[in-house]
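Residue numbers (UniProt numbering), protein chains in the order written: chain A, 1 to 297; chain B, 1 to 270. Where is the CB? At the ideal position from N, CA and C, for every residue including glycine. None of these values were measured; they are calculated from a predicted model. Here the structure is laid out as structure tokens; the discussion comes afterwards.
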């Protein structure tokens, strides 16, 4: 079952095409990471899913309905990038306000606990640290006990321990069967938490799959070592698809067959040290995908 | 502190129900009042200044009589009462709305299940509550410091009329908030409140203003609001209906432009 369905969605602002034929299904109960370079259309796509704007063409359905309807939004919680919560309100007051906007909210204390804000419940929003302000935005998103959660760059500005607590809470929500759509610039977070990754560029979907399958689609591994080989010799090694080397002999090779490269080095008795072999990370996959010119069709 | 408690959440409900509107409205009003009361500058601007102006310009003249026998103190009380409502509308709506719509708070509320009209209603109700408080404090000051006392019935009727008549000012505030960015809104709100107050004869009687201003005055909403208040004080309410029609017209025009601004934001995806 899909919690969110966008089909053939275009969105233009004046002459700017923010979304072009975006088709995207988000399955219920999964954590989907929406990735893309700045300007790829992620925030615009989320605006449409939140019912804040209408698509120029195409349809947007959340929980089977048009999110422009207030009733659908009772099932949606959102943590935007910027939410400038009124500085004069305390943490508890802001969370209480949001709880009243939803038909079947969590207890305010529960939401505060979930966002690790119980200790600062009486503090004014204007006096919170950057990380606490992000956690308050998270508390406002979850207090309505929504089925679908939108987290737009949630951990920006959080310190390491805030982040850890935040992901623990998100894991809990995922375990409770909530659908979560996440955007982030921290690809290692997406790699660790997401069931599924959707990469957007220039307003449409570029790649869609599990973190493993996306990494796999890039296929390449990196082999790094130090030796006396010059660039031409490195490029001539079997299976090498790309190579760089600096003046001190640090070589950096891209290959689909790291084993072949190593076998050749040993077979030729080439002395080398500082060997490092790594699989492509999601970040490598992301950079490769978004660097390629968009394919037609 | 590690989170070892397993999360037990109530199952989310089917997305067909909505929150009860009254408790939601109550919380919105409460939040607005808290924002107002906890901002010292807001308090000074909307309660302090009208009382200060009344003390400076009103108190020396409170015992004089106007040609028709009306006590000048009462007249001035209405003037600064109107001024207080204008200031409140400009700051609470012009400045606050401009900041809330560009800072992301309004966007967050619109993404919640709150029906959009509730946002406006909450602000209007809170502004009217605060206006009532502000006018009552002005009445009280005038009573104790200047011996200017309106009979209870008259005091309440003027309070009610001024509050009802401040709706177009609130609409003007919304309009400024939705059409202008926060920095410019600050300047515009200041300019509008000072110019309109002067040109409507709130600080200096109309008859002592330059010709241009006297001609301009009947086109200002504050002029009509003050006329309704002054008329009630002097007992001359014959032209009141016309003033109410003007005010209703302004409310429609300003409110319509504010809505247009809101739609424009939505179309831009803000």
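Relative to the C-alpha of residue 168 of chain B, which candidate in B:18, B:224, B:17 and B:141 has its C-alpha closest?
With distances taken between Cα atoms, residue 168 of chain B lies closest to B:224.
Suppose you measure from the CA of residue 102 of chain B to the CA of residue 171 of chain B; what does that come to, to the nearest Å?
Near 19 angstroms, if we compare the C-alpha coordinates of residue 171 of chain B and residue 102 of chain B.
Compute the distance between the beta-carbons of residue 131 of chain B and residue 88 of chain B, then report whether it is under 7 angstroms.
Their beta carbons are under 7 angstroms apart, which means residue 131 of chain B touches residue 88 of chain B by this criterion.
Where does residue 203 of chain A land, buried or exposed, given buried means 16+ other C-beta within 10 angstroms?
Buried: at least 16 other Cβ atoms inside 10 Å.
May I ask you to report which of helix, strand or coil DSSP gives residue 3 of chain B?
Because residue 3 of chain B sits at a pLDDT of 47, beneath the cut-off of 50, its placement in the model cannot be relied upon, and the following sentence gives the value as read from the coordinates. Coil.
Residue 127 of chain B: buried (16+ other C-beta within 10 angstroms of its C-beta) or exposed?
With 16 or more Cβ atoms within 10 Å of its Cβ, residue 127 of chain B is classed as buried.
Alpha carbon to alpha carbon, how far is residue 212 of chain A from residue 299 of chain A? Give it in angstroms, no decimals.
Residue 299 of chain A lies beyond the range of chain A shown here (1 to 297); nothing can be said about it.
Starting from residue 3 of chain A, trace the beta strand (DSSP E) in both directions and tell me its first and last residue.
First-last of the beta strand (DSSP E) with residue 3 of chain A: 2-13.
Taking C-beta to C-beta, are residue 86 of chain B and residue 193 of chain B nearer than 7 angstroms?
Yes, these two residues count as a Cβ contact at 7 angstroms.
Counting pairs of beta carbons, one from the segment 171-191 of chain A and one from the segment 151-159 of chain A, are three or more of them closer than 8 angstroms?
Judged by Cβ distances under 8 angstroms, the segment 171-191 of chain A makes contact with the segment 151-159 of chain A, as three or more pairs qualify.
Among B:10, B:268 and B:165, whose alpha-carbon lies nearest the alpha-carbon of residue 252 of chain B?
Comparing Cα-Cα distances from residue 252 of chain B to each of B:10, B:268 and B:165, the minimum goes to B:165.
By DSSP, does residue 148 of chain B sit in helix, in strand, or in coil?
If DSSP states are grouped into helix, strand and coil, residue 148 of chain B belongs with coil.
So that I know if they touch, is there some Cβ in chain B lying closer than 7 angstroms to that of residue 145 of chain A?
Chain B, which has a Cβ nearer than 7 angstroms to the Cβ of residue 145 of chain A, makes this yes.
Flag this pair as touching only if the segment 84-102 of chain A and the segment 48-61 of chain A have three or more C-beta atom pairs under 8 angstroms; answer yes or no.
No, the segment 84-102 of chain A does not touch the segment 48-61 of chain A.
Measure the CB-CB distance between residue 83 of chain A and residue 104 of chain B and report whether it falls below 7 angstroms.
Going by C-beta atoms, residue 83 of chain A is nearer than 7 angstroms to residue 104 of chain B.
Got a sec? Which residues, its chain only, sit under 6 angstroms from residue 48 of chain A by beta carbon, not counting five neighbours each side?
If we look at residue 48 of chain A and ignore the five residues flanking it on each side, its Cβ neighbours are 55 and 60.
When DSSP labels each residue in this structure, what does residue 62 of chain B get in the three-state scheme?
Reduced to three states, the DSSP call for residue 62 of chain B is coil.
One question on the structure: do residue 180 of chain A and residue 214 of chain A come within less than 7 angstroms of each other, judged by their Cβ atoms?
Cβ distance not < 7 angstroms, so residue 180 of chain A and residue 214 of chain A don't count as in contact.
State the Cα-Cα distance for the pair residue 218 of chain B and residue 42 of chain B, rounded to the nearest angstrom.
Rounded to the nearest angstrom, the two C-alpha atoms are 29 angstroms apart.
When the distance is taken between beta carbons, is residue 78 of chain A closer than 7 angstroms to residue 106 of chain A?
No.
CB of residue 77 of chain A to nearest heavy atom of the ligand ADP: below 6 angstroms?
Inclusion of the ligand ADP in the displayed structure is not the case, the ligand content being empty and no account of it being possible.
Quick check on the burial criterion: 16 or more other C-beta atoms within 10 angstroms. Buried or exposed for residue 275 of chain A?
Exposed, by the Cβ-count rule.
Go to residue 25 of chain A, then tell me how far its beta strand (DSSP E) extends in each direction, as first and last residue.
Run containing residue 25 of chain A: 16-27, per the beta strand (DSSP E) assignment.
Distance check for residue 97 of chain B and residue 257 of chain B, CA to CA, integer angstroms please.
Taking the straight line joining both Cα atoms gives about 14 angstroms.
For a test of the three-state rule: what should DSSP assign to residue 256 of chain B, helix, strand or coil?
Helix at residue 256 of chain B.
Nearest-angstrom Cα distance between residue 258 of chain A and residue 252 of chain A?
Using only the alpha carbons, I get a separation of about 12 angstroms.
Inspect the beta-carbon positions of residue 32 of chain A and residue 8 of chain A and report whether they are closer than 7 angstroms.
Result no, Cβ atoms of residue 32 of chain A and residue 8 of chain A do not sit closer than 7 angstroms.
Measuring straight from C-alpha to C-alpha, what distance separates residue 11 of chain A and residue 266 of chain B?
Their Cα atoms are separated by approximately 13 angstroms.
Please check the pair residue 37 of chain A and residue 290 of chain A, which I expect to be a contact at CB under 8 angstroms, by giving their CB distance rounded to whole angstroms.
Residue 37 of chain A to residue 290 of chain A, Cβ: 5 angstroms. Contact.
Taking only the alpha-carbon atoms, compute the straight-line gap between residue 101 of chain A and residue 114 of chain B and give it to the nearest angstrom.
Each residue's alpha carbon lies about 6 angstroms from the other.
Taking three-plus beta-carbon pairs below 8 angstroms as touching, is the segment 268-286 of chain A in contact with the segment 223-234 of chain A?
Contact holds: three or more Cβ-Cβ distances are below 8 angstroms.
State the Cα-Cα distance for the pair residue 59 of chain B and residue 204 of chain B, rounded to the nearest angstrom.
In a straight line, the C-alpha of residue 59 of chain B is about 14 angstroms away from that of residue 204 of chain B.
Mind pulling the chain A residues with CB within less than 9 angstroms of residue 186 of chain B?
Under the 9 angstroms cutoff, chain A gives no residues; its nearest Cβ is about 16 angstroms from residue 186 of chain B.
For a contact meaning CB atoms closer than 9 angstroms, what does residue 23 of chain B contact in chain A?
Within 9 angstroms Cβ-Cβ: 100.
For the alpha helix (DSSP H) containing residue 331 of chain B, list its first residue and its last residue.
Within the shown structure, residues of chain B are numbered from 1 to 270, placing residue 331 of chain B beyond reach of any answer.
Would you mind sorting residue 63 of chain B into buried or exposed? The rule is 16 or more other CB atoms within 10 Å of its CB.
Exposed, since its Cβ has fewer than 16 Cβ neighbours within 10 Å.
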